[in-house]
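Peer 1:
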């Protein structure tokens, strides 16, 4: 703004010194500059403009700067601002148009103790805030995890496999126990007992036995690994156990337990992978522990949005 003011003063001085002079075009015709101008600069209240700019704090900041105005020496990050705004708008939009689920867990720690019986005799436990669609037909037993995580004991029926959709993946089983989740678009399948096929469309990607897991990386790549069965679906015992878990996946698990707050990652933040054990009954403490351990901070925005970025 200070540079703009100085430019205005220079232009005004030049215009006043040349006012009334004749300008000659290439054809030799002449015209009066001052007559062509829509408003003579010598009639502009430059002092008034300067006073207004100083009052608003645009010429260097200071005590006269209005709340919310940027100091002149602060570096503006337009890309970050636009990207953050787009993320917030998208969250509002998709939150308004998402379909109603057939089964939804309450957003409290009590949800983990509730057992849901399905028509075929299978049983489901759900993480807080989980949303499911259920479609049982004579050929298949289909469950879609719209958001959240489940632990399921599958009633055996060889003629009618049970399929659980998590994002781009499908976990298919006949009679077994396994966990499946889809938090923030990160599908994950973990097997406690029996065998589970993991498919993408008609392609079988893997056949998992007890103590093995499959999940999709942040770039869409498939990953596989073994783990301790005692840690499978640890949320059923009141703890989140993360091992190189994407930050957005862990935040999505915690958010349903924090009323009126939605956590959004700064679009310019590099991928963060979290390892640790967190108390499901203390979600705010879990957030604080993650922020402290990974040198992160949060900034509040209207509507209950909390933007997570690097310190």
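Numbering (my numbering), first residue to last: 2 to 312.
Cβ atoms here follow ideal geometry from the backbone N, Cα and C, with glycine treated the same way.
1. For residue 288, count neighbouring Cβ atoms within 10 angstroms of its own Cβ and tell me buried if that reaches 16, exposed if not.
2. For the alpha helix (DSSP H) that contains residue 289, what are its first and last residues?
3. By a C-beta neighbour count over all protein chains shown, 10 Å radius and 16 as the cutoff for buried, is residue 253 buried or exposed?
4. Helix, strand or coil for residue 299? Go by DSSP, reduced to three states.
5. Is DSSP giving residue 240 helix, strand or coil here?
6. By the 10 Å Cβ neighbour count, where 16 or more other Cβ atoms means buried, how is residue 123 classified, buried or exposed?
7. On the three-state DSSP scale, how would you describe residue 151?
8. Work out the CA separation of residue 113 and residue 262 for me, nearest whole Å.
9. Could you check the C-alpha separation between residue 233 and residue 193 for me, to the nearest Å?
10. According to DSSP, what are the bridge partners of residue 190?
11. What residue does the alpha helix (DSSP H) around residue 1 start on, and which one ends it?
12. Determine the contact status of residue 158 and residue 175, defining contact as a CB-CB distance below 8 angstroms.
Peer 2: Checking against the coordinates, here is how it stands:
1. In the chain shown, residue 288 corresponds to position 287, counting from 1. Its Cβ being crowded by 16 or more others within 10 Å, residue 288 is buried.
2. By one-based count along the chain shown, residue 289 stands at place 288. Residues 284-294.
3. Counted from its first residue, the chain shown places residue 253 at position 252. Its Cβ being crowded by 16 or more others within 10 Å, residue 253 is buried.
4. Position 298 of the chain shown, counted from the first residue, corresponds to residue 299. The answer is strand: DSSP assigns residue 299 an E or B state.
5. Working through the chain shown from its first residue, we reach residue 240 at position 239. Of the three classes helix, strand and coil, the one that applies to residue 240 here is strand, per DSSP.
6. The residue given as residue 123 occupies position 122 in the chain shown. Counting Cβ neighbours within 10 Å, residue 123 comes out buried, since at least 16 surround it.
7. As a working note, residue 151 is residue 150 in the chain shown. Taken through DSSP and simplified to helix, strand or coil, residue 151 comes out as strand.
8. Here residue 262 is taken as the residue at index 261 of the chain shown, counted from 1. Here residue 113 is taken as the residue at index 112 of the chain shown, counted from 1. Straight-line measurement puts the Cα of residue 113 at about 21 angstroms from the Cα of residue 262.
9. The residue given as residue 233 occupies position 232 in the chain shown. The residue given as residue 193 occupies position 192 in the chain shown. Distance between the alpha carbons of residue 233 and residue 193: 7 angstroms.
10. Here residue 190 refers to the residue found at position 189 of the chain shown. According to DSSP, residue 190 bridges with 181, 215.
11. Outside the shown range of the chain (2 to 312) lies residue 1, about which nothing can therefore be said.
12. In the chain shown, residue 158 corresponds to position 157, counting from 1. In the chain shown, residue 175 corresponds to position 174, counting from 1. In this structure, residue 175 lies closer than 8 angstroms to residue 158 by Cβ.
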